[in-house]
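Participant: Chains A, B and C are the protein sequences, given in the same order.
All residue numbers for the first sequence refer to our numbering, where the first residue is 1 and numbers rise by one.
All residue numbers for the second sequence refer to our numbering, where the first residue is 583 and numbers rise by one.
All residue numbers for the third sequence refer to our numbering, where the first residue is 804 and numbers rise by one.
For every residue, glycine included, the Cβ atom is placed at its ideal position computed from N, Cα and C.
Just so it is clear, the structure is predicted and the values come from calculations on it, not from any experiment.
Below you will find the structure I want to go over with you.
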Amino acid sequence: MLDRLKAYFARAFEVPDAVSPARYETLKRLMTVLMVTVSVAPLLILTFISHSQYMQTLEGEMENPLESLARKTQAALELYLGERVSTVSFMAHAYHLQTLSDEHTLNRIFLALKSQYQGFVDMGLVDKTGRQIAYVGPYQLKGADYAGKQWLKDTEIRGRYISPAFLGYRGYPHLVIAVHRLEENGAEWTLRVATDTLRLQQIAVPDGKSRDTDVFLVDNQGVLQTDSILYGKALEKIPFQLPHALHDTEIIRKEGDDGRMYLMALCTIEGTDFRLVTIKPVDTAFRPWLALRAELLWVIFGGIALIVIVSNLLMRHLVDRLRASDERRVAVFAQMEHNQKLSSIGRLAAGVAHEVNNPLAVILEKAGLAQDLLTMNKIGGDEKEKQTLVKLLQGIESTVERARGITHRLLGFARRMEVSRQALHIEEVIEETLGFLEREARNRGVLLEADFPEPLPELISDRGQLQQVFLNLIGNALDAQAEFRGKTNEARFIRIRGVTEGQCISVTVADNGKGMSQEVLRHIFEPFYSTKKNKGTGLGMFITYGIVQKLGGHITVESTEGEGTTFTVVLPLTPPDVSGEA
Amino acid sequence: MTESRCMARLLASAVHELRNILAVVRESTGLGIDLLDMERKSTGARPSGERLHGVLEDSQKAVQQGAALSDAMDYLASASEMEAKGPCDITRVCHVFCLLYAREARSSKITLQTDNGEDPVWAQFSPVILLRALLDVVDLCTSVGGQISLRLSGERRDRHEGVVIEVFDGTNRELVVSALASCPRLEGLRIGWRAKLMPWTSREPRFFLTISETGGQAETN
Amino acid sequence: MTKEDIKIILVDDEKQFVDTLAERLAMRGFAARVAYDGPSALKEVTQPTDVIVLDLRMPGMDGFEVLRSVKKNNPQVQVIILTGHGGDAEEQTAYRMGAYNFLRKPMDIDELLTSIRMAYRDKVENAMVAVSLAEGGDFESAREVLKEKDILADRDA
């Protein structure tokens, strides 16, 4: 799988070397993708970071007020309830059983209580058997039997107790505060006071129902103790399960039935089984943020789109210019190569012309001499004199042969210049090239040697271009030898050697001429670099390098100053597919 | 046709001609030897001086031609090294062209001549460009059947330098003249240069070949 | 045929050419010695010589070297270059180095002879001018003339 991906990417993004439409398409693609990635990636990363940071902050922002509201309400409720309980507890401890059993006293105490505290509805005294022995209030509860009732048990265990709400006087939710008293004389009784939840309601929701935050109390059965905006009035059950109570205020995110998200703060009211629930819908707080986020998203996507478009345009422009420049370079190289080709034809033309002049001169002189002999009547019937003439004429004939040989070589070259790809034997090409330079080498006293230890396989290549390469290399070697006057005792040579190397042929051109310094070696294949003063364009080696590359091969050089130079040309037996010559 | 192909063709034609020349020398010389042999066989008489003279003169003339050809090839060599802007002596180029291409032209039954004027006509372009244009013109004549004689001479007219091409003989004159008169577009030269062939005047079978620089891009063919 | 007393050396590595030419010159009354390479030419030139006909492309020591040596050591000898390789550059170099004439092969023998005769006359004339100057006591000018015609080498150069 990974390999396939890698292969796909390699294909999609591999830039071909040759100047072709594919190269520039791929280059454009590659660079656009790179640029877009480099521009957009940090942007996106930044966006994500900012987004999550902002969300965190926002949630914090939302949670904090909720939490403080919950705590404040919790404190107020605890204070209120604690106070109520304390009041009842005070009364339970201030008075004895006998005192309170008296209904007149109970009534008086109750009225006094009612005058100071709002909300108390009734009061009752329950003995240890569970029977309400005294009662004051609007109901007929005297003598009610609460034996075995849970609230009584809880009160007896805990000492003080607040009951969950129940439907009470006038249909309003009430709750009961009960305090258990164990006197020194062993009397055990419970004082029970009912109070409405109005004040509770008011504490829980001070401003009425005009807020977006729903604050209410529930008991441990999930029954509302106060009114809730979302879940109904008191004594109705909330539709969901509350998690286990924790000591600290807990904030939970919850999805409501309507699909909205809510933030819920839960706290316990100390001394009771109540939980204070503060719910706020999340989206109202988030609404401005969401609006902003939508805008920001537009901006970001707009920005990304802009980056993509601009990158695309920019890369297209740049790559087009690159392409123009590459094409220009190719054209210039082609022009230079062409010029060099012209030059080499010119050189050959000159070579042949000069070479042919000598035999022509010989023919002319001999014919002239024969003419002279005839005119000056030096030829009589003498056999010997006639033989002289015959010898002269034969001399002319052999000179003609020689001249023909010179022309033969050049004809072959000119004829083969046309074909650009053919199977050939590189030995032939090299021998031919050596033939052209033979005379010059002889004149300069340089030995030209070609060595092919084993027969070489056929090579498919361009004959004309190969000839040009070797003409250049051997010609340069000749020039190097000519300028070198050291080691006169050693014969100066240029040795060409060809061997097979795997799927390639390797040809070395070695001389023992003046060699090249490291400095020269570094620049030898550069254009316009020449060590010949006032001679040549400096393009010879540059073009040779280019031709070898085009033929699918490679050229390297080694040299020691004062000792000699060796060029190595490696050519594949079958060249890569290249477009035909113009 | 690229310039190097043009050069190669000219060179090939020149070398062919050279071989012909050498063949002539060989034949003449062979004949001379035969003559001497024959005479030897017929009892020590004097060699017929005149025939021998003739033979030798033929050889010498051939060698002179060969030397001229060799000179032309040398000129070709120096032309190949020249810059695009020349300069070039149009008269000399015509001479050289006729010498070099005579052999190939003969095979299409086209005779090439130059007039005998020696005055140089200088122009600001490379001889190679002109050679190529001339080759194009001769190719055109060949393509409509050849069989004509062309005379080339360098001229200056209206401050333009060029070659006057006269179709002065041959069985195919009409066709060649009309082919040349159709103001053919000569194949795209080196980038930046253009060759134009136009009738010299409306009546004569004469044409004027000029080379000029274009602004920048070559004309599309 | 009267012999013309111009002492000529022919230098060329092309034996057939140089031998034939020598024979033809001999038939025209010119005694020409031959040398097939640079060193032999320089040896020959130590003998009294008026004109050297010199090829440029020779194995070993080439024509220019011979020319330089002759102009240095035997400045009274006129040098005519006769070569199959005749580029403009080579022609200019030859003249600069003091050659009298630059001819290209194949050449007409009469052309060569004319050139040899003119070279000889030029040399003789200059010598005569120098002599008359010297006779007039003007050794300075005499020397100048000889130097100018490369007949007297500038020993300090």
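Hey, how far is the Cα of B/Arg591 from the Cα of B/Leu722?
Facilitator: Within the second sequence, the letter at position 9 stands for residue 591 of chain B. Within the second sequence, the letter at position 140 stands for residue 722 of chain B. Spanning the two alpha carbons is a distance of roughly 15 Å.
Participant: Which residues share a DSSP beta bridge with B/Met589?
Facilitator: Position 7 of the second sequence, counted from the first residue, corresponds to residue 589 of chain B. DSSP lists no partner for B/Met589.
Participant: Check whether chain B comes within 8 Å of A/Ile547, counting only Cβ atoms and requiring the distance to be less than that.
Facilitator: In the first sequence, residue 547 of chain A corresponds to position 547, counting from 1. Not an interface residue.
Participant: If contacts are defined as beta-carbon pairs under 8 Å, then B/Glu743 and B/Gly774 qualify, I think. What distance do you get, rounded to the angstrom?
Facilitator: As a position in the second sequence, residue 743 of chain B is number 161, starting the count at 1. As a position in the second sequence, residue 774 of chain B is number 192, starting the count at 1. Between B/Gly774 and B/Glu743 the Cβ distance is about 17 Å, and since that is not below 8 Å, they are no contact.
Participant: When the Cα atoms are used, what is the spatial distance from A/Leu360 to B/Asp653?
Facilitator: In the first sequence, residue 360 of chain A corresponds to position 360, counting from 1. In the second sequence, residue 653 of chain B corresponds to position 71, counting from 1. Those two C-alpha atoms are separated by around 12 Å.
Participant: How do the stretch 922-932 of chain C and the stretch 840-848 of chain C stand: do at least 3 beta-carbon pairs fall below 8 Å, yes or no?
Facilitator: Touching, no.
Participant: Would A/Leu66 and A/Ala245 qualify as a contact pair, given that the criterion is a beta-carbon distance under 8 Å?
Facilitator: Within the first sequence, numbered from 1, the residue matching residue 66 of chain A stands at position 66. Within the first sequence, numbered from 1, the residue matching residue 245 of chain A stands at position 245. No, the Cβ-Cβ distance between A/Leu66 and A/Ala245 is not below 8 Å.
Participant: If I measure Cβ to Cβ from A/Arg131 and keep anything under 6 Å in the same chain, skipping five residues before and after, which residues do I get?
Facilitator: Translated into positions along the first sequence, residue 131 of chain A becomes position 131. Closer than 6 Å at the Cβ level, and outside the excluded window around A/Arg131, lie Asp145.
Participant: Give me, in chain order, the residues of the same chain whose beta-carbon lies closer than 7 Å to that of A/Ile396; leave out the 5 immediate sequence neighbours on both sides.
Facilitator: Here residue 396 of chain A corresponds to residue number 396 of the first sequence, with the count starting at 1. Once the five neighbours on either side are set aside, the close Cβ partners of A/Ile396 are Ile363, Lys366, Ala367.
Participant: Within the stretch 816-858 of chain C, note down every full beta strand (DSSP E) run reaching 3 residues or more, in order along the chain.
Facilitator: Fully enclosed beta strand (DSSP E) runs of 3 or longer: 833-838, 854-857.
Participant: Distance check for B/Leu712 and B/Asp697, CA to CA, integer angstroms please.
Facilitator: Taking the second sequence and counting its residues from 1, one reaches residue 697 of chain B at position 115. Taking the second sequence and counting its residues from 1, one reaches residue 712 of chain B at position 130. Rounded to the nearest angstrom, the two C-alpha atoms are 17 Å apart.
Participant: My assumption, with CB atoms under 8 Å, is that A/Leu125 sits in contact with A/Leu191. Please give the rounded CB distance.
Facilitator: Walking along the first sequence from the start, residue 125 of chain A turns up at place 125. Walking along the first sequence from the start, residue 191 of chain A turns up at place 191. Yes, they are in contact, since the Cβ atoms of A/Leu125 and A/Leu191 sit about 6 Å apart, within 8 Å.
Participant: Which residue spans inside the stretch 443-473 of chain A form an unbroken beta strand (DSSP E) run of at least 3?
Facilitator: 446-451, 459-461, all fully within the stretch 443-473 of chain A.
Participant: Okay, do the stretch 689-696 of chain B and the stretch 727-735 of chain B touch, 3+ Cβ pairs below 8 Å being the bar?
Facilitator: The answer is yes - the stretch 727-735 of chain B touches the stretch 689-696 of chain B, with three or more Cβ pairs under 8 Å.
Participant: Got a sec: is the Cβ-Cβ distance from B/Gln799 to anything in chain A below 8 Å?
Facilitator: As a position in the second sequence, residue 799 of chain B is number 217, starting the count at 1. Per-residue confidence for B/Gln799 stands at a pLDDT of 43, beneath the threshold of 50, marking its modelled position as unreliable; no derived number is given.
Participant: Among the candidates C/Asp808, C/Met910, C/Leu870, whose CA atom is the shortest distance from the CA of C/Ala834?
Facilitator: Here residue 834 of chain C refers to the residue found at position 31 of the third sequence. Taking only the C-alpha atoms, the option nearest C/Ala834 is C/Asp808.
Participant: Buried or exposed for A/Met55, please, with buried defined as at least 16 other CB atoms from any protein chain shown within 10 angstroms of its CB.
Facilitator: Taking the first residue of the first sequence as 1, we reach residue 55 of chain A at position 55. A/Met55 is exposed by the Cβ-count criterion.
Participant: Taking only beta-carbon atoms, is B/Asn803 less than 8 Å away from chain A?
Facilitator: The residue you call residue 803 of chain B lines up with position 221 of the second sequence. For B/Asn803, the predicted model reports a pLDDT of 31, less than 50, meaning its position is unreliable; a value from the coordinates is still stated below. With 8 Å as the cut-off, B/Asn803 does not count as an interface residue toward chain A.
Participant: According to DSSP, is A/Lys114 part of a helix, a strand, or is it coil?
Facilitator: Looking up residue 114 of chain A in the first sequence gives position 114. Three-state DSSP puts A/Lys114 in a helix.
Participant: Over what stretch of residues does the beta strand (DSSP E) that includes A/Met123 continue unbroken?
Facilitator: As a first step, residue 123 of chain A must be located in the first sequence, where it is residue number 123. Residues 120-127.
Participant: Which residue's Cα is closest to the Cα of C/Tyr903: C/Met864, C/Leu813, C/Ile883?
Facilitator: Here residue 903 of chain C is taken as the residue at index 100 of the third sequence, counted from 1. Comparing Cα positions, the closest option is C/Ile883.
Participant: Using CA atoms only, rank isn't needed, just tell me which of A/Tyr117, A/Val356, A/Leu141, A/Gln150 is closest to A/Leu200.
Facilitator: Your numbering for residue 200 of chain A matches position 200 in the first sequence. Minimum Cα distance to A/Leu200 is reached at A/Tyr117.
Participant: Comparing the C-beta of C/Ala945 with each C-beta of chain B, is any distance below 8 Å?
Facilitator: Position 142 of the third sequence holds residue 945 of chain C. No, no contact with chain B.
Participant: Taking just the CA atoms, how far does A/Thr407 sit from A/Phe542?
Facilitator: The residue labelled residue 542 of chain A in the question sits at position 542 within the first sequence. The residue labelled residue 407 of chain A in the question sits at position 407 within the first sequence. Approximately 30 Å, taken between the alpha carbons.
Participant: Is B/Cys670 near B/Ala705, with beta carbons less than 8 Å apart?
Facilitator: Along the second sequence, read from residue 1 onward, the residue named residue 670 of chain B stands at position 88. Along the second sequence, read from residue 1 onward, the residue named residue 705 of chain B stands at position 123. Cβ distance < 8 Å, so B/Cys670 and B/Ala705 count as in contact.
Participant: Using 8 Å for Cβ pairs, my map puts A/Val121 next to A/His174. What's the rounded Cβ distance?
Facilitator: Sequence index remark: in the first sequence, residue 121 of chain A carries index 121 (1-based). Sequence index remark: in the first sequence, residue 174 of chain A carries index 174 (1-based). With 8 Å as the limit, A/Val121 and A/His174 qualify as a contact, their Cβ atoms being about 6 Å apart.
Participant: Closer than 8 Å by C-beta to A/Tyr95: which residues in its own chain qualify, once you throw out the five before and the five after it? Chain order, please.
Facilitator: On the first sequence, residue 95 of chain A is found 95 positions in, with the first residue counted as 1. Only Thr105, Ile109 meet the Cβ criterion.
Participant: In the DSSP assignment, what residue or residues form a beta bridge with A/Asp145?
Facilitator: The residue you call residue 145 of chain A lines up with position 145 of the first sequence. DSSP output for A/Asp145 lists A/Arg131 as bridge partner(s).
Participant: May I ask you to verify whether the stretch 604-616 of chain B touches the stretch 638-646 of chain B, counting CB pairs closer than 8 Å and requiring at least 3?
Facilitator: Flag = yes, the stretch 604-616 of chain B and the stretch 638-646 of chain B touch.
Participant: Can you confirm whether C/Phe820, when its beta carbon is compared against all beta carbons of chain B, has any partner nearer than 8 Å?
Facilitator: On the third sequence, residue 820 of chain C is found 17 positions in, with the first residue counted as 1. Not closer than 8 Å to any Cβ of chain B, the Cβ of C/Phe820 fails to qualify, so no.
Participant: Just to confirm before moving on: does the CB-CB distance between A/Asp511 and A/Ala482 stay below 8 Å?
Facilitator: On the first sequence, position 511 is the one that residue 511 of chain A refers to. On the first sequence, position 482 is the one that residue 482 of chain A refers to. No. Outside cutoff.
Participant: Does the beta-carbon of C/Asn876 have 16 or more other beta-carbons within 10 angstroms, so that it is buried, or is it exposed?
Facilitator: Residue mapping note: residue 876 of chain C aligns to position 73 of the third sequence, counting from 1. Exposed, by the Cβ-count rule.
Participant: Roughly how many angstroms separate the alpha carbons of A/Asp451 and B/Arg788, rounded to a whole number?
Facilitator: Here residue 451 of chain A refers to the residue found at position 451 when the first sequence is read from its first residue. Here residue 788 of chain B refers to the residue found at position 206 when the second sequence is read from its first residue. Their backbone Cα atoms lie some 58 Å apart in a straight line.
Participant: So A/His338 contacts chain B; which residues on that side make the cut at Cβ distance below 8 Å?
Facilitator: Reading the first sequence from its first residue, position 338 is the one you call residue 338 of chain A. Under the 8 Å cutoff, chain B gives Thr584, Glu585, Ser586.
Participant: Report the three-state DSSP secondary structure of C/Arg958 (helix, strand or coil).
Facilitator: Stepping through the third sequence from its first residue, residue 958 of chain C is reached at position 155. The predicted model places C/Arg958 with a pLDDT of 42, which falls under 50 and marks its position as unreliable; any figure quoted below should be read in that light. Residue state, collapsed to three classes: coil.
Participant: Short of 7 Å Cβ to Cβ, which residues in the stretch 335-366 of chain A face chain B?
Facilitator: Of all residues in the stretch 335-366 of chain A, His338, Lys341, Leu342, Ser343, Ile345, Gly346, Arg347, Ala349, Ala350, Val352, Ala353, Val356, Asn357, Leu360, Ile363, Leu364 have a Cβ within less than 7 Å of some Cβ in chain B.
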